[in-house]
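Numbering (the numbering used here), first residue to last: -2 to 203.
Backbone N, C-alpha and C fix where the C-beta goes; we use that ideal spot for every residue, glycine too.
Let me begin by presenting the structure, written as structure tokens, before commenting on it.
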């Protein structure tokens, strides 16, 4: 169970990337009061939590209804996570997030960023949705599923803390340290993604 918790924790930390969400949130909420920032951060994480829990609990049923096997989803999800990992290593993901944030900032009529783009796609994006469905599909009993959900809850709580402390966190880390952390997390995600693909291929053909 400890191994499952640690593995799930690392996976969710890498794909949700709380330190990476913090600077984006800080940029999106420039000019907002402390009360507004706090409210939007709580709302963003709350909405993202609801989305991820729904996919965690009902994702497999959805795949079944669509006629998609879990092994096929493991392979597809692993490939998608591997592409995200490559973007992290070469800083493409960070650039895309910053570009999206800049577009929101330049649109004056958009005030509340909690639902878009923070809750989705930045926190509950394709990578985190695929990850929670993949991890839940690999465990059978509810105790193991509770471990996966516990790891998800831990990372979402960490994400909330990062959003609430976005300003001070950015001053502490700095751009260079953030870039190094992002690259290291990308390498870890690539290894995890490769394992998802290997497991899916092995189950499909053996």
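Legend entry - Under 9 Å between C-beta atoms of residue 41 and residue 111: On the chain shown, residue 41 is found 44 positions in, with the first residue counted as 1. On the chain shown, residue 111 is found 114 positions in, with the first residue counted as 1. Yes.
Legend entry - Residues of its chain near residue 161, where Cβ-Cβ distance is below 6 Å and the 5 sequence neighbours each way are ignored: Counting from one through the chain shown, the residue named residue 161 turns up at place 164. A distance below 6 Å between beta-carbons, with the five flanking residues on each side excluded, links residue 161 to the following residues of its chain, in chain order: 38.
Legend entry - For residue 110, the three-state DSSP class (helix, strand or coil): Your numbering for residue 110 matches position 113 in the chain shown. Reduced to three states, the DSSP call for residue 110 is coil.
Legend entry - Proximity winner among 70, 29, 24, relative to residue 200 (alpha-carbon distances): Stepping through the chain shown from its first residue, residue 200 is reached at position 203. Here the closest residue by C-alpha is 70.
Legend entry - DSSP-derived helix/strand/coil call for residue 163: For this step, residue 163 is matched to residue 166 along the chain shown. Correct three-state label for residue 163: helix.
Inset, instruction - Please name the residue in 15, 152, 143 whose C-alpha comes closest to that of residue -2. - result: Reading the chain shown from its first residue, position 1 is the one you call residue -2. Residue 143 is the option with its Cα nearest to residue -2.
Inset, instruction - Say whether the stretch 143 to 153 touches the stretch 17 to 35, bearing in mind that this needs 3 or more beta-carbon pairs closer than 8 Å, one atom from each stretch. - result: Flag = no, the stretch 143 to 153 and the stretch 17 to 35 do not touch.
Inset, instruction - Answer with yes or no whether the minimum CB distance from residue 20 to chain B is below 9 Å. - result: Of the protein chains in the structure, only one exists, and it is not chain B.
Inset, instruction - Return the CA-CA distance between residue 156 and residue 61, expressed in angstroms with no decimal places. - result: Here residue 156 refers to the residue found at position 159 when the chain shown is read from its first residue. Here residue 61 refers to the residue found at position 64 when the chain shown is read from its first residue. Rounded to the nearest angstrom, the two C-alpha atoms are 31 Å apart.
Inset, instruction - Identify which residue in 76, 127, 15, 66 has its Cα closest to the Cα of residue 49. - result: Numbered from its first residue, the chain shown carries residue 49 at position 52. Per the Cα distances, 127.
Legend entry - Rounded distance between the beta-carbons of residue 76 and residue 194, thought under 8 Å: What you label residue 194 is simply residue 197 of the chain shown in a count that begins at 1. What you label residue 76 is simply residue 79 of the chain shown in a count that begins at 1. Confirmed, about 6 Å.
Inset, instruction - Return the residue from the list 202, 197, 154, 136 that minimises the CA-CA distance to residue 1. - result: If you number the chain shown from 1, residue 1 lands on position 4. Each of 202, 197, 154, 136 was checked against the Cα of residue 1, and the nearest Cα belongs to 136.
Legend entry - Check whether residue 34 and residue 163 have beta carbons under 9 Å apart: Along the chain shown, one-based indexing puts residue 34 at 37. Along the chain shown, one-based indexing puts residue 163 at 166. Yes; because the gap between Cβ atoms is below 9 Å, this pair is in contact.
Legend entry - the ligand MG heavy atom lying under 8 Å from the CB of residue 132: The ligand MG is not among the ligands present in this structure, which contains no ligands whatsoever.
Legend entry - Helix, strand or coil at residue 29 [DSSP, three-state]: The residue given as residue 29 occupies position 32 in the chain shown. Of the three classes helix, strand and coil, the one that applies to residue 29 here is coil, per DSSP.
Inset, instruction - Rounded to whole angstroms, what's the CA-CA distance from residue 177 to residue 65? Just pull it up for me. - result: By 1-based counting over the chain shown, the position of residue 177 is 180. By 1-based counting over the chain shown, the position of residue 65 is 68. Rounded to whole angstroms, residue 177 and residue 65 show a C-alpha spacing of 37 Å.
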